[in-house]
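Residue numbers (our numbering): 901 to 1161. Yeah, the Cβ is synthetic: ideal placement off N, Cα and C, and Gly gets one too.
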Amino acid sequence: MVVLSVPAEVTVILLDIEGTTTPIAFVKDILFPYIKENVKEYLQTHWEEEECQQDVSLLRKQAEEDSHLDGAVPIPAASGNGADDLHQMIQAVVDNVCWQMSLDRKTMALKQLQGHMWRAAFTAGRMKGEVFEDVVPAVRKWREAGMKVYVYSSGSVEAQKLLFGHSTEGDILELIDGHFDTKIGYKVESESYRKIANSIGCSTNNILFLTDVTLEASAAEEADVHVAVVVRPGNAGLTDDEKTYYSLITSFSELYLPSST
Ligand SMILES: CSCCC(=O)C(=O)COP(=O)(O)O
Ligand SMILES: [Mg+2]
C-alpha cells in the first residue's frame, strides 16, 4: 500500500465532501436529482414560511448579480398580484435553480436552498449520506492520535450535518470538530483557507486539506496549507502534470501519522 506521511506540524485535517469522503455519484445521481424533481413542490408548500422567503431573497439577489451571464434566469420581485403572479414567481425560482445546477454553481443562495430541501429527506430516513468505507476508521484513528478534523464543502453547513448525521455509517457527526462552507469564502480562493485557520485558531501550515479538485488544492497551497489530492472512483481525471505535482491518495488509510502506531 502507498503511504503518505503527514508532516509533523499538521494538527488539523480538513476534508472536502464530494469526491473525497463521498462518491461524486451520490451527489450527482441522488442529492442533485432530488432537488430538480422536488423544487417546485417544495416552493409551493413552504412559500409562506420565513426560511423559504429568505432563500428566495438570496436567490433573487444572486440572479441580479448573474444577470450579465449567458442564459441567466431572472427572478422578478413580488408584485402581490394574486395567484398568477405567485405561479410565475415560483416558476422563475425553479428555472433559476435548474439553470444554476446545470452549471454546478456553488453559490451560497443555491446551496442554502438545497440544504433546506434535503432536510426533509434525510430526517425522514428517505436518504442516507454515503461515505467511503475507509473514512470512519481513518478519522477515528486520526482523532485518537490527537488530530482535529474539520469539513470544508460548498454544500451548506446544514447540508453537511445532515449528510454526516444520517450517513450509511450512522450518525458520525461526533467525529467532526467543525464545519465550513462558502460563507467563509469559495474553495478556489486562498483567502478562504487563511480565514479557516484563523477561525480554528491555528496556522495554515498546521492544516492538511484533502480534496479531489486541484483548483482547490492549489488555492489552499497558496495559503501555505498542506494538501493531498484524493483519487476516488468516478472523480475527474488528473493531468500527468497534476499527478506528478500533487501527493495523491486513493484511500484515507494511506495517510500515515508519525505520532500514531
Ligand atoms: C451535503 S454536501 C452536498 C454537496 C454539494 O452540494 C456540493 O456542492 C459538493 O461540494 P464539495 O465542495 O463537497 O465538493
Ligand atoms: Mg470535492
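Unbroken beta strand (DSSP E) stretches of 3 residues or longer found wholly inside the region 1018-1090: 1048-1052 and 1078-1080, given in chain order. Excluding residues up to 5 positions away in sequence, Val973, Pro974, Ile975 and Pro976 lie with their Cβ nearer than 8 Å to the Cβ of Ala992 in the same chain.
Distance between Gln944 and Lys1006, taken at the CA atoms: about 24 Å. Judged by pairs of C-beta atoms under 8 Å, the region 928-943 touches the region 1007-1021, as three or more such pairs exist. Annotation: the region 1089-1151 contains the following complete segments of the alpha helix (DSSP H) (minimum length 4 residues), in chain order: 1090-1100, 1114-1122 and 1140-1145. Ranked by Cα distance from Thr1023, the options Val1031, Leu1063 and Ser1151 are led by Leu1063.
Contact between Val1051 and Gln1060 holds, with the beta-carbon distance rounding to 5 Å and staying under 8 Å. Residue pairing by DSSP places Thr922 opposite Glu918 in a beta bridge. Taking 8 Å as the cut-off, one finds at least one heavy atom of ligand 2 near enough to the beta carbon of Ser1053. As computed with DSSP, Ile913 is found in a beta bridge with Val1049 and Leu1108.
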